[in-house]
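> Please find one structure pasted underneath; my questions will follow.
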Amino acid sequence: MWCIHQRQEARRNTLIKDTMREQCIPNLVESWYQILQNYQYSNSEVTCQCLEVVGAYVSWIDLSLIANDRFINMLLGHMSIEVLREEACDCLFEIVNKGMDPVDKMKLVESLCQVLQSAGFFIIDQEEDVDFLARFSKLVNGMGQSLIVSWTKLIKNGDIKNAQEALQAIETKVALMLQLLIHEDDDISSNIIGFCYDYLHILKQLAVLSDQQKANVEAIMLAVMKKLTYDEEYNFENEGEDEAMFVEYRKQLKLLLDRLAQVSPELLLASVRRVFSSTLQNWQTTRFMEVEVAIRLLYMLAEALPVSHGAHFSGDVSKASALQDMMRTLVTSGVSSYRHTSVTLEFFETVVRYEKFFTVEPQHIPCVLMAFLDHRGLRHSSAKVRSRTAYLFSRFVKSLNKQMNPFIEDILNRIQDLLELSPPENGYQSLLSSDDQLFIYETAGVLIVNSEYPAERKQALMRNLLTPLMEKFKILLEKLMLAQDEERQASLADCLNHAVGFASRTSKAFSNKQTVKQCGCSEVYLDCLQTFLPALSCPLQKDILRSGVRTFLHRMIICLEEEVLPFIPSASEHMLKDCEAKDLQEFIPLINQITAKFKQMFMPLLHAIFEVLLRPAEENDQSAALEKQMLRRSYFAFLQTVTGSGMSEVIANQGVENVERVLVTVIQGAVEYPDPIAQKTCFIILSKLVELWGGKDGPVGFADFVYKHIVPACFLAPLKQSFDLADAQTVLALSECAVTLKTIHLKRGPECVQYLQQEYLPSLQVAPEIIQEFCQALQQPDAKVFKNYLKVFFQRARP
92 MWCIHQRQEA
102 RRNTLIKDTM
112 REQCIPNLVE
122 SWYQILQNYQ
132 YSNSEVTCQC
142 LEVVGAYVSW
152 IDLSLIANDR
162 FINMLLGHMS
172 IEVLREEACD
182 CLFEIVNKGM
192 DPVDKMKLVE
202 SLCQVLQSAG
212 FFIIDQEEDV
222 DFLARFSKLV
232 NGMGQSLIVS
242 WTKLIKNGDI
252 KNAQEALQAI
262 ETKVALMLQL
272 LIHEDDDISS
282 NIIGFCYDYL
292 HILKQLAVLS
302 DQQKANVEAI
312 MLAVMKKLTY
322 DEEYNFENEG
332 EDEAMFVEYR
342 KQLKLLLDRL
352 AQVSPELLLA
362 SVRRVFSSTL
372 QNWQTTRFME
382 VEVAIRLLYM
392 LAEALPVSHG
402 AHFSGDVSKA
412 SALQDMMRTL
422 VTSGVSSYRH
432 TSVTLEFFET
442 VVRYEKFFTV
452 EPQHIPCVLM
462 AFLDHRGLRH
472 SSAKVRSRTA
482 YLFSRFVKSL
492 NKQMNPFIED
502 ILNRIQDLLE
512 LSPPENGYQS
522 LLSSDDQLFI
532 YETAGVLIVN
542 SEYPAERKQA
552 LMRNLLTPLM
562 EKFKILLEKL
572 MLAQDEERQA
582 SLADCLNHAV
592 GFASRTSKAF
602 SNKQTVKQCG
612 CSEVYLDCLQ
622 TFLPALSCPL
632 QKDILRSGVR
642 TFLHRMIICL
652 EEEVLPFIPS
662 ASEHMLKDCE
672 AKDLQEFIPL
682 INQITAKFKQ
692 MFMPLLHAIF
702 EVLLRPAEEN
712 DQSAALEKQM
722 LRRSYFAFLQ
732 TVTGSGMSEV
742 IANQGVENVE
752 RVLVTVIQGA
762 VEYPDPIAQK
772 TCFIILSKLV
782 ELWGGKDGPV
792 GFADFVYKHI
802 VPACFLAPLK
812 QSFDLADAQT
822 VLALSECAVT
832 LKTIHLKRGP
842 ECVQYLQQEY
852 LPSLQVAPEI
862 IQEFCQALQQ
872 PDAKVFKNYL
882 KVFFQRARP
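Going letter by letter, the sequence shown gives residues 92 to 890 in this note's numbering.
Now the structure itself:
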């Protein structure tokens, strides 16, 4: 629909433009010229508005009406009038950007350049108006990119002579491009990056570079390195809009650096190495922004250098790469002690980016670990540095876990204080936020699990790690039960939730190769489970506590498998007691997981769901009605999972009464509630059950149920007034209804057709010829034919 609308609009616009070109554009252009001519000195506002209008029309009118001597001379005249020149610049930009024949475009740009140059516009350092220079930079960028487009087209067309001319024209703009790129104002510099990027793309395609082109590459490289540097005003502690803009600008420069690496990786590597080495030799006396950018450049090389440079750290001393030398300098120079957050962060980011260096030169690991663990990293005075370091430290340890064995216990001792839960009452401000602590707990888990220790030692270390959490949890839960003040209750619940989250996070270290059982840690986690489960009975702050324990149970089902089984009944009992629709909805994914593994939780959950759904609700309580609707959908989605994933015996094993009760709820879902999403799911469940149990060897009584309940549901639902056949979701529900009927016919054969012909359809007062037609459509082998027929059948049947 939307596409059709867009196409109609485009056709209409084209028609309007064609008519305007024929009838009124020349007159319009003449009026613009007169306005610009008459008001250029007396009314700058009208002149600027007119220039904007010209710029807006240029792209689709005959360019010769504008790109002629009288118009261009006037626009160039405007370039010398201070109040008009920014708009004149934008107008020229639109002219230059117009799609044209490549040779014509080249001539237009060149003639424009000559006039601008002779008028003195190319002498950038004499221009103080940065707003104008930003527009002028955009214009030069447009001219450069237009020439590059022309060059590309000419090369493609095999017009080598004109392509050479275009390249010549591009080369003559490079000096101007460099002046704008290096300008101290980032807006001016940013506006020329496109030209610069495309120029490098041309050089990448040339077989051999001239000396001048090599010099250009080097000049761009030096400009990028200089412009990557922070300025004195950058506010690292409270980054605002200006800082965000610089971060974006740096991303553009990074793209340039990557492109430079494609043109000449050797040159880039040599340049970075030169800057890096000279800066780090004297880092103590060098300004922070220069030290930061030197390390930043090393960091950026990892992505910039092509794959041939990928084997940065070969382990072969004779081939020790430039990157290896730089990394060695980085970790031995002492620069990690530099007193500026930007340098500290760049140091840690780079160390983690080049972790493979430490597999080749592991002797440097201890000093880097110390940097992570002391005042330079996790104990830095800046919360921002501590937070980022917590994440980077976990990555460092994970990637080098094989090299960590000699340091494990030392690290665990040193991070002990960082693992403490900070309860609300003692006023103790933890060094790390709870989110940061998650990374430290995960790191501790990784160190223990991946160590070369025997299982008993791993178990002891894991117990040391988790016991303080369990002890604190018990104390805090008691305090929460007694807490009167709501704010205090919330902060205690928060703390309890963190404790569960931390324990959960340590379990991420286990894998198929290193299971909880193999590491001897089952008992420790079962103790955690035993400690956390009572929180489910806490009447206060139910949402947050249940959510945390549920997540922990998810993890334990994965990690402990059948060892978790004894805890499931009590966990479920706690969760299903006094629960609302929302609680159940959140509990269903966990039960899905348990049912898939253990199959014995089915009916207790269903009884709890039935109880909530049957509770009377206030007539006008919209949110309660919506919650019930969402619970109903979740319930049916759960049944769909059970029936669709080979677990239908879970239902079949529940005893005749319970099975019938479940099936009746599905029939009700298909027929009684005007919710097409739930109806669709119910028909999917019914067709799946018919497919599984509807044959001659199905469960006793199921065939009767098919004819008594499922067949009628397929007619009663679509005949309801609320079943809106103009609604897309409802049509999907009808489609599944058709599948259900087809499946019944597939499983029961002629008996089904006979029942419809002789009993059911006559009971609905359907005319005999329509009954005949319906049964023929049902017996068609192509399911699509029947789906289409069924829609028409119900459209006709509706009053």
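For every residue, glycine included, the Cβ atom is placed at its ideal position computed from N, Cα and C.
#1: Taking the straight line between their C-alpha atoms, what separation do you get for E751 and F701?
#2: Is S490 near E437, with beta carbons less than 7 Å apart?
#3: Tell me where the alpha helix (DSSP H) around S513 begins and ends.
#4: Under 7 Å between the Cβ atoms of Q632 and A584?
#5: Looking only at its own chain, which residues have a Cβ that is under 7 Å from the Cβ of E654, when we skip the five neighbours before and after it?
#6: From which residue to which residue does the alpha helix (DSSP H) around V382 run?
#7: Please classify D508 as buried or exposed, where buried requires at least 16 other C-beta atoms within 10 Å of its C-beta.
#8: My output table needs one value for M191: the three-state DSSP class, helix, strand or coil.
#9: Quick one, are the C-beta atoms of L722 and Q676 less than 7 Å apart?
#10: Between the Cα of I455 and the Cα atoms of D526, H471, M418 and K549, which residue gives the shortest distance?
#11: Whole angstroms is fine: what's the gap from K838's alpha carbon to P790's?
#12: State the Cα-Cα distance for the pair F877 and H800, rounded to the nearest angstrom.
#13: Once the 5 residues before and after F327 are set aside, which same chain residues still bring their CB inside 7 Å of it?
#14: Going by DSSP in three states, M495 sits in which element: helix, strand or coil?
#15: With a 10 Å radius around its C-beta and 16 neighbouring C-beta atoms as the bar for buried, classify S725 as buried or exposed.
#16: Given a threshold of 16 other Cβ atoms within 10 Å of its Cβ, counted over all protein chains shown, does I214 qualify as buried or as exposed?
#17: Spatial neighbours of V354 within its chain, please: C-beta separation below 7 Å, excluding the five flanking residues on both sides.
#18: Kindly indicate which three-state DSSP category P625 falls into: helix, strand or coil?
#19: Pairing CB atoms from the region 575 to 592 with CB atoms from the region 482 to 501, are three or more of them under 8 Å?
#20: Just checking, does the region 237 to 246 make contact with the region 172 to 179 on the three C-beta pairs under 8 Å criterion?
#21: Can you give the beta carbon distance from L636 to L587, rounded, assuming they're within the 8 Å contact cut?
#22: How would you call R161, buried or exposed, if buried means at least 16 neighbouring beta carbons within 10 angstroms?
#23: Measuring straight from C-alpha to C-alpha, what distance separates L154 and T105?
#24: How far does the alpha helix (DSSP H) with E357 in it extend, from its first residue to its last?
#25: Using the beta-carbon count (16 or more within 10 Å), is H471 buried or exposed?
#26: By how many angstroms is the C-alpha of A590 removed from the C-alpha of D634?
#27: Whole angstroms are fine: how far does the CA of F658 sit from the CA of L360?
#28: Within the 7 Å Cβ cut-off, does Y880 reach chain C?
#29: Once the 5 residues before and after A715 are set aside, which same chain residues still bring their CB inside 7 Å of it?
#30: To the nearest angstrom, how far is it from the Cα of I776 to the Cα of A743?
#31: In chain order, what residues of the same chain lie with their CB nearer than 8 Å to the CB of T420, ignoring the 5 residues before and after it?
#32: In the region 260 to 286, which residue ranges form an unbroken alpha helix (DSSP H) of at least 4 residues, counting only runs that do not cross its ends?
#33: Drop a sphere of 10 angstroms on the beta-carbon of E533, count the other beta-carbons inside from all chains shown, and report buried for 16 or more, exposed for fewer.
#34: What does the alpha-carbon distance come out to for the pair L156 and V822?
#35: Do I273 and A335 come within 7 Å of each other at the CB atom, strictly closer than that value?
#36: Is it a yes or a no for the region 371 to 383 touching the region 338 to 354, going by three-plus beta-carbon pairs under 8 Å?
The relevant details are as follows:
#1: To locate residue 751, count along the sequence shown from 1; it is residue 660. To locate residue 701, count along the sequence shown from 1; it is residue 610. Answer to the nearest angstrom: the Cα atoms are 14 Å apart.
#2: Translated into positions along the sequence shown, residue 490 becomes position 399. Translated into positions along the sequence shown, residue 437 becomes position 346. No, the Cβ-Cβ distance between S490 and E437 is not below 7 Å.
#3: The count along the sequence shown starts at 1 and reaches residue 513 at position 422. For S513, there is no enclosing alpha helix (DSSP H), as DSSP marks it with neither H nor E.
#4: In the sequence shown, the residue the question calls residue 632 occupies position 541. In the sequence shown, the residue the question calls residue 584 occupies position 493. Yes, Cβ-Cβ distance for Q632 and A584 is below 7 Å.
#5: Taking the sequence shown and counting its residues from 1, one reaches residue 654 at position 563. Excluding sequence neighbours, E654 sits near S613 and L617.
#6: For the purposes of this step, residue 382 is taken as the residue at position 291 of the sequence shown. From DSSP, the alpha helix (DSSP H) with V382 extends over F379 to A395.
#7: Here residue 508 refers to the residue found at position 417 when the sequence shown is read from its first residue. Burial call: exposed.
#8: Numbered from its first residue, the sequence shown carries residue 191 at position 100. M191 falls in the coil class under three-state DSSP.
#9: Counting from one through the sequence shown, the residue named residue 722 turns up at place 631. Counting from one through the sequence shown, the residue named residue 676 turns up at place 585. Going by C-beta atoms, L722 is nearer than 7 Å to Q676.
#10: For the purposes of this step, residue 455 is taken as the residue at position 364 of the sequence shown. The sequence as given places His at residue 455; Ile does not occur at that position. Of the candidates D526, H471, M418 and K549, the one whose C-alpha sits nearest the C-alpha of H455 is M418.
#11: Position 747 of the sequence shown, counted from the first residue, corresponds to residue 838. Position 699 of the sequence shown, counted from the first residue, corresponds to residue 790. Their Cα atoms are separated by approximately 14 Å.
#12: Position 786 of the sequence shown, counting from 1, holds the residue named residue 877. Position 709 of the sequence shown, counting from 1, holds the residue named residue 800. Their backbone Cα atoms lie some 21 Å apart in a straight line.
#13: Counted from its first residue, the sequence shown places residue 327 at position 236. T432 and S433, listed in sequence order.
#14: As a position in the sequence shown, residue 495 is number 404, starting the count at 1. It is coil, neither helix nor strand.
#15: Mapped onto the sequence shown, residue 725 falls at position 634. S725 is buried by the Cβ-count criterion.
#16: For the purposes of this step, residue 214 is identified with residue 123 of the sequence shown, where counting begins at 1. So I214 counts as exposed.
#17: Counting from 1 along the sequence shown, the entry for residue 354 is found at position 263. L291, L294, K295 and V308.
#18: Here residue 625 corresponds to residue number 534 of the sequence shown, with the count starting at 1. Note: P625 maps to helix in three-state DSSP.
#19: no
#20: no
#21: What you label residue 636 is simply residue 545 of the sequence shown in a count that begins at 1. What you label residue 587 is simply residue 496 of the sequence shown in a count that begins at 1. Between L587 and L636 the Cβ distance is about 6 Å, and since that is below 8 Å, they are a contact.
#22: The residue given as residue 161 occupies position 70 in the sequence shown. Exposed.
#23: To locate residue 154, count along the sequence shown from 1; it is residue 63. To locate residue 105, count along the sequence shown from 1; it is residue 14. Approximately 17 Å between the Cα atoms of the pair.
#24: Here residue 357 corresponds to residue number 266 of the sequence shown, with the count starting at 1. From DSSP, the alpha helix (DSSP H) with E357 extends over P356 to Q372.
#25: Numbered from 1 along the sequence shown, position 380 holds the residue referred to as residue 471. Result: buried.
#26: Residue numbering aside, residue 634 sits at position 543 when the sequence shown is read from its first letter. Residue numbering aside, residue 590 sits at position 499 when the sequence shown is read from its first letter. About 16 Å.
#27: Translated into positions along the sequence shown, residue 360 becomes position 269. Translated into positions along the sequence shown, residue 658 becomes position 567. The straight-line gap from Cα to Cα measures roughly 60 Å.
#28: Reference to chain C is not applicable here, since this structure consists of a single protein chain.
#29: One-based indexing of the sequence shown puts residue 715 at position 624. These residues qualify, in order along the chain: A708 and E709.
#30: Within the sequence shown, numbered from 1, the residue matching residue 776 stands at position 685. Within the sequence shown, numbered from 1, the residue matching residue 743 stands at position 652. C-alpha separation (whole angstroms): 14 Å.
#31: For the purposes of this step, residue 420 is identified with residue 329 of the sequence shown, where counting begins at 1. Cβ within range, chain order: F367, S368 and L371.
#32: 277 to 281
#33: What you label residue 533 is simply residue 442 of the sequence shown in a count that begins at 1. Buried, because 16 or more other Cβ atoms sit within 10 Å of the Cβ of E533.
#34: Translated into positions along the sequence shown, residue 156 becomes position 65. Translated into positions along the sequence shown, residue 822 becomes position 731. For L156 and V822, the distance between alpha carbons rounds to 56 Å.
#35: Along the sequence shown, one-based indexing puts residue 335 at 244. Along the sequence shown, one-based indexing puts residue 273 at 182. For A335 and I273, no; Cβs fall outside 7 Å.
#36: The region 371 to 383, when compared against the region 338 to 354, does not touch it at the 8 Å Cβ threshold.
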